[in-house]
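Peer 1: Here you go, one structure.
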Amino acid sequence: MADLRIYNVVILGLGFLLIFTAFTTCGNIEQTIVKSLDNDTFTGSGYHSLGIIYGIFSFSNLLAPTVVAIIGPQFTMFFSGILYSGYVAVFITPSTWSFYFTSVLIGIGAAMLWTAQGHFLVENSDASTINRNTGMFWALLQCSMLFGNLYIYFDWNGRLEISDRSRKTIFTGLLVTSVLGTLSFLVLRKTLPTEEEMLNEEEGQPLLSSRMMYKQRANSAVQDAKSEFKTILQLLKTKTKLLLSCCMAYSGLELSFYSGVYGTCIGATTEFGAAAKGLIGISGIVVGIGEIVGGGVFGLACKNNRFRRTSVVFLGMVVHFVAFYLIYLNIPDDAPVVLKTSTLNKPYLTPSISIALLCSFLLGLGDSCFNTQLYSILGRVYAEQSAPAFAIFKFIQSIFAAVAFFYSGYLLLTWQLLIMVILGFTGTLCFFMVERIQNFSVDLQQEY
256 MADLRIYNVV
266 ILGLGFLLIF
276 TAFTTCGNIE
286 QTIVKSLDND
296 TFTGSGYHSL
306 GIIYGIFSFS
316 NLLAPTVVAI
326 IGPQFTMFFS
336 GILYSGYVAV
346 FITPSTWSFY
356 FTSVLIGIGA
366 AMLWTAQGHF
376 LVENSDASTI
386 NRNTGMFWAL
396 LQCSMLFGNL
406 YIYFDWNGRL
416 EISDRSRKTI
426 FTGLLVTSVL
436 GTLSFLVLRK
446 TLPTEEEMLN
456 EEEGQPLLSS
466 RMMYKQRANS
476 AVQDAKSEFK
486 TILQLLKTKT
496 KLLLSCCMAY
506 SGLELSFYSG
516 VYGTCIGATT
526 EFGAAAKGLI
536 GISGIVVGIG
546 EIVGGGVFGL
556 ACKNNRFRRT
566 SVVFLGMVVH
576 FVAFYLIYLN
586 IPDDAPVVLK
596 TSTLNKPYLT
606 PSISIALLCS
616 FLLGLGDSCF
626 NTQLYSILGR
636 VYAEQSAPAF
646 AIFKFIQSIF
656 AAVAFFYSGY
666 LLLTWQLLIM
676 VILGFTGTLC
686 FFMVERIQNF
696 SVDLQQEY
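Each residue of the sequence shown is one higher than the last, beginning at 256 in the numbering used here.
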C-alpha cells in the first residue's frame with residue numbers, strides 16, 4: 256500500500272510537471288509575447304488574461320468539490336488538463352476573443368484541477384507522510400519552471416523582438432508537453448476500493464459499465480452540494496481559517512508577482528540590453544530552482560511538527576523581504592507598466608543581472624516556504640474535510656492573485672512591493688497564531 260501511494264504521488268507530480276511546464280512558461284512570457292505581436296487586430300493583455308484566469312478560478316473553487324465528488328479526482332484532473340492544453344494552443348494563432356475565452360475556461364479547469372489534486376494527495380497520505388508527500392509533489396511541480404524557460408533563454412537570448420515563427424515553435428512544443436501531462440493522469444491507481452466497488456466486484460459487475468452506480472453517485476453528489484457549500488461557509492467562519500486566510504492571500508500576491516510580473520520587469524529593463532529577453536527564461540529557471548530547493552529541504556527533510564512549520568514560514572518572510580528590497584533598488588520603477596518593451600526610469604542602483612537572478616531564486620525559495628507549510632497544516636488540521644479546505648485555500652489565493660494581476664499593469668513597482676510587504680508580515684503573524692492554537696488544542700487532548 257505504501258509503495259502504491261508513493262507511485263501515485265510521483266505520477267501526480269510528473270503530470271503536473273508536464274502541464275505546468277507549458278502553463279508557467281506561458282504565464283512567464285505571455286505579456287512580453289503580447290507586446291511583441293505584429294497584429295493590429297489583437298488587443299489582449301497578458302496581465303488581464305491572467306487576472307481573468309485567477310478571478311474565475313477563485314469562484315469556481317466553491318463548486319469544484321462537487322465536481323470532484325461526482326466524477327472523482329482522477330478524471331477531474333484529466334478533463335482539466337484538456338482545458339489547460341486549449342489555452343496554450345491559442346498562442347499558436349492568437350486572437351483576442353479566443354485568448355479571453357480560453358482564459359475563462361482554464362480558470363474553471365484550474366479550480367477543478369487543484370481541488371482534485373489536494374483531495375488525491377490527502378487520499379494518498381497520512382499524518383506521518385503528508386509533509387514528505389507534499390514536499391515530493393511540490394519539488395516535482397516546480398521542475399516545470401526549468402525546461403520551458405531554458406528553451407526560452409536559448410531561443411530569445413540576444414533578440415530584441417520575438418518573431419511569429421519563434422512564437423509558433425515555442426507554443427507547439429508547449430502544447431505537446433501539456434497533452435502528455437494530461438494523459439499521465441489516466442495511469443493513476445486507486446489505493447482502496449470503495450464500498451460501491453467492493454459490492455460490484457462481489458456481484459461480478461465491471462465498475463465502469465455500471466450506469467446505475469454513476470447515476471447514484473451523481474444524485475448523491477448533487478444532494479451533498481448544499482452540504483459541501485455549507486461546510487465551506489462554516490470553515491470560512493472558523494478562527495483558524497480566518498487567520499490562515501491572511502497567509503493564503505499573501506501567497507496569491509507573491510504568486511502573481513513571481514509568475515507573471517517579475518519576468519516582464521526584467522525583460523523590460525533597458526540597461527540589460529539585448530540580453531533582457533533571454534533573461535526572462537533564466538529568471539524563470541532560477542525561480543524554479545528556488546522552489547525545488549525549498550520543496551526538498553522544507554518538505555522532505557522537515558518532520559511534521561509545529562515548530563518546524565513556524566520556522567519555515569518565518570524564513571520565507573525574511574527571504575521575500577530581502578528579495579523585495581533588492582528588486583526595489585535594482586529594477587526600474589516603471590518596469591511593470593511600460594507600454595513598449597523597455598523602461599524609461601532609472602533605478603537606485605545600476606541594474607545588475609546577478610542581483611536580478613538572485614532575487615528570482617529568493618522569490619522561489621520564499622514561495623516554497625509558504626506553500627509547503629500551508630499544504631502541510633491544511634492536510635493535518637482538515638484531513639477529514641480536505642476538498643472544502645483546499646478549495647477555500649485556492650479561492651483566497653487566486654482571488655488575490657487576480658486582483659494583483661489587474662493592478663500590475665497600472666501600479667509602479669514600488670507600490671506593488673509595499674503591498675506585498677504589509678500583507679506578508681500580517682500573514683506570517685497569523686500563521687504563528689494558528690500554530691499556537693493548534694499546539695494548545697493538542698496539549699488539552701493529551702491532558703484528557
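Virtual Cβ for every residue (Gly too), placed ideally from N, Cα, C.
Please classify phenylalanine 346: does DSSP put it in a helix, a strand, or coil?
Peer 2: Phenylalanine 346: coil per DSSP, three-state reduction.
Peer 1: What separation, rounded to the nearest whole angstrom, lies between the Cα atoms of methionine 688 and leucine 405?
Peer 2: About 41 Å.
Peer 1: Over the uninterrupted alpha helix (DSSP H) stretch that includes glutamine 397, give me the two end residues.
Peer 2: Its alpha helix (DSSP H) spans residues 385 to 397.
Peer 1: If you run the structure through DSSP and keep just helix, strand and coil, what is isoleucine 537?
Peer 2: DSSP places isoleucine 537 in helix when its eight states are reduced to three.
Peer 1: Below 7 Å between beta carbons: does that hold for phenylalanine 440 and glutamine 329?
Peer 2: It is a contact, given that the beta carbons lie within the stated cut-off.
Peer 1: Which runs of the beta strand (DSSP E) fall wholly inside the stretch 328 to 380 and span at least 3 residues, in chain order?
Peer 2: Runs found: none.
Peer 1: For aspartate 588, collect the residues of the same chain with a Cβ closer than 8 Å to its Cβ; drop the 5 residues on either side in sequence, then sort them by chain order.
Peer 2: Closer than 8 Å at the Cβ level, and outside the excluded window around aspartate 588, lie Asn600, Pro602, Leu667, Leu668 and Thr669.
Peer 1: Please report the Cβ distance between threonine 280 and isoleucine 407, rounded to the nearest whole angstrom; I am assuming they are in contact, meaning their Cβ atoms lie under 8 Å.
Peer 2: Contact flag correct, Cβ pair sits at about 7 Å.
Peer 1: Just curious, the alpha helix (DSSP H) that glutamine 628 is in, first and last residue?
Peer 2: Note, glutamine 628: alpha helix (DSSP H), 608 to 636.
Peer 1: What residue range is occupied by the uninterrupted alpha helix (DSSP H) comprising aspartate 419?
Peer 2: First-last of the alpha helix (DSSP H) with aspartate 419: 419 to 439.
Peer 1: Taking its Cβ as the centre, do 16 or more other Cβ atoms sit within 10 Å of arginine 564, making it buried, or is it exposed?
Peer 2: Buried, because 16 or more other Cβ atoms sit within 10 Å of the Cβ of arginine 564.
Peer 1: Quick one: Cα of threonine 681 to Cα of alanine 644, how far?
Peer 2: Going from the Cα of threonine 681 to the Cα of alanine 644 covers about 21 Å.
Peer 1: Helix, strand or coil for methionine 453? Go by DSSP, reduced to three states.
Peer 2: Only weak support exists for where methionine 453 lies, its pLDDT of 49 falling under 50; the value from the coordinates is given anyway. Residue state, collapsed to three classes: helix.
Peer 1: Residue range of the alpha helix (DSSP H) that leucine 305 falls in?
Peer 2: Taken as a continuous stretch (DSSP letters only), the alpha helix (DSSP H) holding leucine 305 covers 301 to 315.
Peer 1: Cα-Cα, which of Gly621, Tyr355 and Ser313 is closest to isoleucine 651?
Peer 2: The candidate whose alpha carbon is nearest that of isoleucine 651 is Ser313.
Peer 1: Within its chain, find whatever has a CB closer than 6 Å to the CB of glycine 301; leave out the 5 residues flanking it on each side and keep chain order.
Peer 2: Hits under 6 Å: Glu285, Gln286 and Val289.
Peer 1: Which residues bound the alpha helix (DSSP H) around threonine 519?
Peer 2: Counting along the chain, the alpha helix (DSSP H) containing threonine 519 begins and ends at 517 to 523.
Peer 1: By the 10 Å Cβ neighbour count, where 16 or more other Cβ atoms means buried, how is lysine 649 classified, buried or exposed?
Peer 2: Its Cβ being crowded by 16 or more others within 10 Å, lysine 649 is buried.
Peer 1: What separation, rounded to the nearest whole angstrom, lies between the Cα atoms of leucine 401 and phenylalanine 569?
Peer 2: C-alpha separation (whole angstroms): 26 Å.
Peer 1: Could you check if methionine 453 is buried or exposed, using at least 16 other CB atoms within 10 Å of its CB as the buried criterion?
Peer 2: Reliability of the predicted coordinates at methionine 453 is poor, the pLDDT of 49 falling under 50, and no value is obtained from them.
Peer 1: I'd like the list of long-range same chain contacts for threonine 432, defined as Cβ closer than 6 Å, with 5 residues on each side in sequence excluded.
Peer 2: Same-chain partners within the cutoff: Leu273, Thr276 and Ala277.
Peer 1: Under 8 Å, with one C-beta from each stretch per pair, do the stretch 371 to 378 and the stretch 491 to 510 reach the 3-pair mark?
Peer 2: No: fewer than three Cβ pairs fall under 8 Å.
Peer 1: For the stretch 512 to 525 and the stretch 372 to 392, state whether three or more C-beta atom pairs, one from each stretch, are separated by less than 8 Å.
Peer 2: With a cut-off of 8 Å, the stretch 372 to 392 and the stretch 512 to 525 do not count as touching, because too few Cβ pairs lie within range.
Peer 1: For glycine 543, which option in Asn412, Ala529 and Leu618 has the closest C-alpha, if you only look at C-alpha atoms?
Peer 2: The shortest Cα separation from glycine 543 among Asn412, Ala529 and Leu618 belongs to Leu618.
Peer 1: Could you check how far apart the C-beta atoms of glycine 436 and glycine 362 are, in whole angstroms? I think they sit under 8 Å.
Peer 2: About 18 Å separates the two Cβ atoms, so there is no contact after all.
Peer 1: Starting from lysine 494 and walking both ways along the alpha helix (DSSP H), at which residues does that stretch end?
Peer 2: It spans 494 to 511 - the alpha helix (DSSP H) in which lysine 494 sits, taken as one unbroken run.
Peer 1: Which same chain residues end up closer than 6 Å to alanine 365 when comparing Cβ atoms and leaving out the 5 residues on each side of it in sequence?
Peer 2: Closer than 6 Å at Cβ, skipping near neighbours: Phe312.
Peer 1: Between the C-alpha atoms of isoleucine 326 and cysteine 398, what's the straight-line distance to the nearest angstrom?
Peer 2: Computed Cα separation, rounded: 29 Å.
Peer 1: Measure from the alpha carbon of proline 349 to the alpha carbon of each residue in Pro320, Thr683, Ser304 and Ile487, then state which is nearest.
Peer 2: The option with the nearest alpha carbon to proline 349 is Ser304.
Peer 1: Note down, in chain order, each residue of its chain lying with its Cβ closer than 6 Å to the Cβ of asparagine 316, except the 5 sequence neighbours on either side.
Peer 2: Excluding positions up to five away in sequence, the list reads Ala366, Ala646, Lys649 and Phe650.
Peer 1: In angstroms with no decimal places, state the Cα-to-Cα distance between glutamate 458 and leucine 443.
Peer 2: Low local confidence applies: a pLDDT of 48 at glutamate 458 is under 50, so the model's placement there is unreliable, with the coordinate-based value given in what follows. Taking the straight line from one Cα to the other gives about 25 Å.
Peer 1: Quick one: grab the DSSP three-state call for isoleucine 586.
Peer 2: Of the three classes helix, strand and coil, the one that applies to isoleucine 586 here is coil, per DSSP.
Peer 1: Measuring CB to CB, does phenylalanine 655 end up less than 7 Å from leucine 497?
Peer 2: Not closer than 7 Å, so no.
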